[in-house]
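Participant: Questions regarding the structure given below will be posed in turn.
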Amino acid sequence: MWIGEYNFVLQNLVLKDFRIRYRNMSLGVFWSLLNPLVMMAVLTFVFTKVIPNAPSPQFPLFLLCGLVPFNFFTLAWISGTTSLIDNANLIKRVPFPREIIPLASVLSNTLHLLIQIGLLLGLALLYGKSVNVHWLWLPVVWIMEVILVCGLALIFASLNVYTRDIRYMVESASTVLFYLVPVFYFPADSQKFQLLYKYNPLAAMIFAQRFILMEGIAPPASLMWRLSIGSILMLGLGFLVFARLKRGFYNHI
Amino acid sequence: MGAIRFQQVSKIFQRHTGRKLMRQHFRDWFRRSAEHDFYALKNISFQISDGETVALVGRNGAGKSTLLSLVCGLAAPEIGSVQVDGRIAAMMELGSGFHADLTGRENIYLNASLLGFTRDRTRGLYDSIVEFSGIAEFINEPLRTYSSGMILRLAFSVALNLEPEILIIDEVLAVGDQGFQEKCFEKIMEFRNAGKTLLCVSHSAAMVMQLCDRALWLDHGELMMDGKAADVLQAYGGHAVSP
Numbered sequence: 022m023w024i025g026e027y028n029f030v031l032q033n034l035v036l037k038d039f040r041i042r043y044r045n046m047s048l049g050v051f052w053s054l055l056n057p058l059v060m061m062a063v064l065t066f067v068f069t070k071v072i073p074n075a076p077s078p079q080f081p082l083f084l085l086c087g088l089v090p091f092n093f094f095t096l097a098w099i100s101g102t103t104s105l106i107d108n109a110n111l112i113k114r115v116p117f118p119r120e121i122i123p124l125a126s127v128l129s130n131t132l133h134l135l136i137q138i139g140l141l142l143g144l145a146l147l148y149g150k151s152v153n154v155h156w157l158w159l160p161v162v163w164i165m166e167v168i169l170v171c172g173l174a175l176i177f178a179s180l181n182v183y184t185r186d187i188r189y190m191v192e193s194a195s196t197v198l199f200y201l202v203p204v205f206y207f208p209a210d211s212q213k214f215q216l217l218y219k220y221n222p223l224a225a226m227i228f229a230q231r232f233i234l235m236e237g238i239a240p241p242a243s244l245m246w247r248l249s250i251g252s253i254l255m256l257g258l259g260f261l262v263f264a265r266l267k268r269g270f271y272n273h274i
Numbered sequence: 002m003g004a005i006r007f008q009q010v011s012k013i014f015q016r017h018t019g020r021k022l023m024r025q026h027f028r029d030w031f032r033r034s035a036e037h038d039f040y041a042l043k044n045i046s047f048q049i050s051d052g053e054t055v056a057l058v059g060r061n062g063a064g065k066s067t068l069l070s071l072v073c074g075l076a077a078p079e080i081g082s083v084q085v086d087g088r089i090a091a092m093m094e095l096g097s098g099f100h101a102d103l104t105g106r107e108n109i110y111l112n113a114s115l116l117g118f119t120r121d122r123t124r125g126l127y128d129s130i131v132e133f134s135g136i137a138e139f140i141n142e143p144l145r146t147y148s149s150g151m152i153l154r155l156a157f158s159v160a161l162n163l164e165p166e167i168l169i170i171d172e173v174l175a176v177g178d179q180g181f182q183e184k185c186f187e188k189i190m191e192f193r194n195a196g197k198t199l200l201c202v203s204h205s206a207a208m209v210m211q212l213c214d215r216a217l218w219l220d221h222g223e224l225m226m227d228g229k230a231a232d233v234l235q236a237y238g239g240h241a242v243s244p
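Here the protein sequences come in this chain order: A and B. In terms of our numbering, the numbers along the first sequence are unbroken and rise by one, the last being 274. In terms of our numbering, the numbers along the second sequence are unbroken and rise by one, the last being 244.
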């Protein structure tokens with residue numbers, strides 16, 4: 022039996038990911054800022070100059086409210102999905118609780134998220150938005166997002182051990198999601214396509230951030246409920262699937 | 002506490018896993034065929050009680066490492082049951098949890114946590130681990146600058162300091178220079194004399210005789226013989242030589 026400290030392993034694996042990622046880079050964490058800035062610039066150019074049809078007068082801020090959760094979602098989902106295969110040597114040789122691997126992989130991406138959140142808040146202030154009590158909702162949104170992606174990572178990482186195409190499926194799904202989730206637009210009729218815009222936790226996060234940062238109001242309670250329940254259910258489902266599939270990891274890795 | 006019990010254990014691998022197409026997955030879902038089954042271990046039963054020192058001998062591919070991975074809890078048996086009581090330190094493959102871009106120090110912390118050290122114990126033991134490894138001056142260098150001998154030293158130092166109840170060694174003592182080998186050997190003998198359970202795989206008859214009282218001989222996944230180390234080695238040696 023493994024008698025160790027769950028948190029200590031998690032911390033060390035997260036630190037490992039950080040160190041490996043940033044140690045051999047000259048620009049380091051600056052890369053986390055570059056990607057959303059470039060995307061923001063390109064999309065702003067397209068929707069204000071090429072086809073002037075921006076859904077909001079403060080389009081860069083509107084965009085970033087979508088890009089920040091979307092970026093973390095896809096990065097962490099993909100790296101979580103490949104995490105077990107990337108750590109095959111650990112699965113084969115070291116008997117510790119396997120679910121720590123995908124969880125650590127997701128958590129190590131929270132550094133990106135934090136940096137991009139800094140960018141987002143900076144931009145909000147730049148647009149003259151003032152800090153108010155509703156900003157306290159923001160951490161709830163972010164924590165729910167991490168919980169949601171942890172659940173997804175547990176499911177897809179364990180499936181990826183059995184069928185390696187899962188990884189490509191997740192990558193394609195991420196590209197498609199960029200258009201299906203309201204990153205750079207606002208759905209014309211929120212009553213339509215409810216599965217995409219009402220019961221989709223990722224969309225709910227984007228809406229919530231726009232309510233808080235752009236309108237300066239608290240997100241509707243129903244939105245927060247859907248977001249929280251969806252995320253927590255996903256984490257629960259993740260643990261269930263993982264527990265069911267982990268017995269076969271050794272044989273398939 | 003350090004007992005191991007195998008009851009009619011079989012470990013079955015499917016041939017050609019990992020290269021399955023979707024179509025095969027669906028087919029397997031509906032009917033599980035036995036034609037691709039490969040028995041890495043076949044109906045193995047034995048019991049190792051607290052404080053015994055046991056060697057596993059057998060040719061390459063006989064199932065020795067598979068058996069160890071069952072003991073460690075890395076893999077689960079398809080048939081039968083495996084019971085293990087006690088804290089295990091396994092030296093299966095050197096530096097499995099190590100990463101080349103991390104420094105020696107960071108690798109010690111990572112490896113210790115994976116092996117089941119608590120945070121406090123790792124801090125407390127850190128100095129003695131580094132001292133035992135004898136590579137203190139390179140401890141803040143990335144692991145990729147280490148020689149394989151130095152990596153071995155580090156891996157050994159962490160695992161040996163875990164103070165396990167069951168120590169598992171999979172043919173790793175062979176690397177490392179004379180001095181360090183002796184140091185490890187001494188430490189292992191210390192375990193042995195402290196009444197801990199020892200399970201090791203070795204192709205060196207001399208080492209088996211020195212470390213172990215009992216031996217299990219595996220061949221093609223089957224337990225051929227279980228008895229005194231000297232008797233088993235003799236039988237195994239005789240078998241290996243004869244055509």
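C-beta atoms are modelled at their ideal positions from N, C-alpha and C, and glycine is treated no differently.
So, is the C-beta of serine 46 of chain B closer than 8 Å to a C-beta in chain A?
Facilitator: Here residue 46 of chain B is taken as the residue at index 45 of the second sequence, counted from 1. Not closer than 8 Å to any Cβ of chain A, the Cβ of serine 46 of chain B fails to qualify, so no.
Participant: In three-state terms, what does DSSP make of proline 78 of chain A?
Facilitator: Residue numbering aside, residue 78 of chain A sits at position 57 when the first sequence is read from its first letter. In the structure shown, proline 78 of chain A sits in coil (DSSP, three-state: anything other than H, G, I, E or B).
Participant: Which residues share a DSSP beta bridge with lysine 12 of chain B?
Facilitator: Position 11 of the second sequence, counting from 1, holds the residue named residue 12 of chain B. B:Leu42, per the DSSP bridge assignment.
Participant: Would you check if the region 126–134 of chain B and the region 152–172 of chain B touch, i.e. whether three or more CB-CB distances between them fall below 8 Å?
Facilitator: As far as the Cβ criterion goes, the region 152–172 of chain B touches the region 126–134 of chain B, which means the pair count is three or higher.
Participant: Among all the DSSP beta bridges, which residues are the ones paired with aspartate 171 of chain B?
Facilitator: Locating residue 171 of chain B in the second sequence gives position 170, where the first residue counts as 1. Answer is B:Val202.
Participant: Quick check: the region 198–217 of chain A against the region 73–88 of chain A, are at least 3 beta-carbon pairs closer than 8 Å?
Facilitator: Cβ pair count under 8 Å is three or more, so yes.
Participant: Which stretch, first to last residue, makes up the alpha helix (DSSP H) that contains glutamine 182 of chain B?
Facilitator: Working through the second sequence from its first residue, we reach residue 182 of chain B at position 181. Element bounds for glutamine 182 of chain B: 179–194.
Participant: Measure the C-alpha to C-alpha separation of isoleucine 72 of chain A and alanine 101 of chain B and round it to an integer number of angstroms.
Facilitator: Working through the first sequence from its first residue, we reach residue 72 of chain A at position 51. Working through the second sequence from its first residue, we reach residue 101 of chain B at position 100. Approximately 49 Å between the Cα atoms of the pair.
Participant: Does any C-beta atom of chain A lie closer than 8 Å to the C-beta of arginine 120 of chain B?
Facilitator: Residue mapping note: residue 120 of chain B aligns to position 119 of the second sequence, counting from 1. Closer than 8 Å: yes.
Participant: So what does DSSP say about methionine 235 of chain A, is it helix, strand or coil?
Facilitator: Numbered from 1 along the first sequence, position 214 holds the residue referred to as residue 235 of chain A. The answer is coil: DSSP assigns methionine 235 of chain A none of H, G, I, E or B.
Participant: Measuring straight from C-alpha to C-alpha, what distance separates leucine 214 of chain B and glutamine 179 of chain B?
Facilitator: Indexing the second sequence from 1 puts residue 214 of chain B at position 213. Indexing the second sequence from 1 puts residue 179 of chain B at position 178. One detail in the question is off: residue 214 of chain B reads as aspartate in this sequence, not leucine. Aspartate 214 of chain B and glutamine 179 of chain B: Cα-Cα distance of roughly 24 Å.
Participant: Residues of chain B with CB under 7 Å from asparagine 110 of chain A, in chain order?
Facilitator: Residue numbering aside, residue 110 of chain A sits at position 89 when the first sequence is read from its first letter. Per Cβ cutoff of 7 Å: Ser97.
Participant: Under the rule that 16 or more other beta-carbon atoms within 10 Å means buried, what is valine 59 of chain A, buried or exposed?
Facilitator: For the purposes of this step, residue 59 of chain A is identified with residue 38 of the first sequence, where counting begins at 1. Burial call: exposed.
Participant: Less than 8 Å separating the beta-carbons of phenylalanine 270 of chain A and isoleucine 112 of chain A?
Facilitator: The residue you call residue 270 of chain A lines up with position 249 of the first sequence. The residue you call residue 112 of chain A lines up with position 91 of the first sequence. Yes. Within cutoff.
Participant: Is it true that the CB of alanine 41 of chain B sits closer than 8 Å to the CB of arginine 268 of chain A?
Facilitator: The residue you call residue 268 of chain A lines up with position 247 of the first sequence. The residue you call residue 41 of chain B lines up with position 40 of the second sequence. No, the Cβ-Cβ distance between arginine 268 of chain A and alanine 41 of chain B is not below 8 Å.
Participant: To the nearest angstrom, how far is the alpha carbon of lysine 219 of chain A from that of serine 129 of chain B?
Facilitator: Numbered from 1 along the first sequence, position 198 holds the residue referred to as residue 219 of chain A. Numbered from 1 along the second sequence, position 128 holds the residue referred to as residue 129 of chain B. Spanning the two alpha carbons is a distance of roughly 57 Å.
Participant: Does glutamate 26 of chain A have its Cβ less than 8 Å from a Cβ in chain B?
Facilitator: In the first sequence, the residue the question calls residue 26 of chain A occupies position 5. Answer yes: the Cβ-Cβ gap between glutamate 26 of chain A and chain B drops below 8 Å somewhere.
Participant: Would you mind telling me which residues of chain C sit closer than 8 Å to tryptophan 23 of chain A, beta carbon to beta carbon, in chain order?
Facilitator: Within the model displayed, chain C is absent; protein chains A and B are what it includes.
Participant: Over what stretch of residues does the alpha helix (DSSP H) that includes methionine 225 of chain B continue unbroken?
Facilitator: Here residue 225 of chain B is taken as the residue at index 224 of the second sequence, counted from 1. Segment 223–229 is the beta strand (DSSP E) holding methionine 225 of chain B; no alpha helix (DSSP H) there.
Participant: Roughly how many angstroms separate the alpha carbons of isoleucine 250 of chain A and phenylalanine 117 of chain A, rounded to a whole number?
Facilitator: In the first sequence, the residue the question calls residue 250 of chain A occupies position 229. In the first sequence, the residue the question calls residue 117 of chain A occupies position 96. Each residue's Cα considered, the two are about 30 Å apart.
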